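Below is one structure, written out as structure tokens; the observations come after it.
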Amino acid sequence: MTNVNLSDGEWKIMNVLWEKGAGTITELTAALQAETGWDKHIIITMLGRMEKKGAVAFKVNGRAKQFYPLISRNEVSIRETRGFLNKVYRGSIGMMVNAMINDRALTKEDIAELYEILEQAEKKGKES
34 MTNVNLSDGE
44 WKIMNVLWEK
54 GAGTITELTA
64 ALQAETGWDK
74 HIIITMLGRM
84 EKKGAVAFKV
94 NGRAKQFYPL
104 ISRNEVSIRE
114 TRGFLNKVYR
124 GSIGMMVNAM
134 INDRALTKED
144 IAELYEILEQ
154 AEKKGKES
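So the sequence shown is residues 34 to 161, counted in our numbering.
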């Protein structure tokens with residue numbers, strides 16, 4: 034598993050790359066302009082940092098660099114989730130869910146989804 038830490042802005046770029054598979058600076062700027070207001074110079078700077086971290090690479094396609102992800106959304110998400118749980122809830126999923134219940138942040142749909150996830154986890158546990 035990779036050990037790449039992404040800033041909030043880098044997550045925005047990675048989400049576009051994960052969704053599209055690859056993108057040029059022009060395409061990334063267009064995709065993120067409305068949400069972030071970033072110009073191409075900000076995108077270039079961030080891509081340079083992300084390249085040094087090992088999160089993205091590029092291939093030259095004509096006159097443009099085509100950037101693509103070197104890390105998967107799943108592996109980064111799992112690591113980030115573990116880090117968040119450890120930092121905020123001392124690693125306890127129960128504490129996190131309890132905090133959300135106390136804050137009334139869970140809808141009936143969320144609770145039904147959690148039941149389904151737990152049932153799947155229980156089935157996988159019995160199969161092991």
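A virtual CB, placed ideally from N, CA and C, is assigned to each residue, including glycine.
No experiment lies behind these values; they were computed from the predicted model shown.
The region 126-134 makes no contact with the region 96-115, as fewer than three CB pairs between them are under 8 Å. Three or more beta-carbon pairs separated by less than 8 Å are not found between the region 81-88 and the region 56-72, which leaves the two stretches without contact. The C-beta distance from glycine 54 to methionine 79 rounds to 19 Å, too long to meet the 8 Å contact threshold.
Taken in chain order, the whole alpha helix (DSSP H) runs of length 4 or more contained in the region 66-154 are 73-86, 106-122, 126-135. Short of 7 Å from the beta carbon of leucine 103, and not among the five residues preceding or following it, lie these beta carbons of its own chain, in chain order: Gly87, Ala88, Val89, Ala90.
The DSSP-derived three-state label of glycine 54 is coil. When rounded, the separation of the alpha-carbon atoms in lysine 157 and aspartate 143 is 21 Å. Within 10 angstroms of the beta-carbon of glycine 56 lie 16 or more other beta-carbons, which makes it buried. The C-beta distance from leucine 39 to valine 109 rounds to 6 Å, short enough to meet the 8 Å contact threshold. Around the Cβ of valine 93, a 10 Å sphere holds fewer than 16 other Cβ atoms; the residue is exposed.
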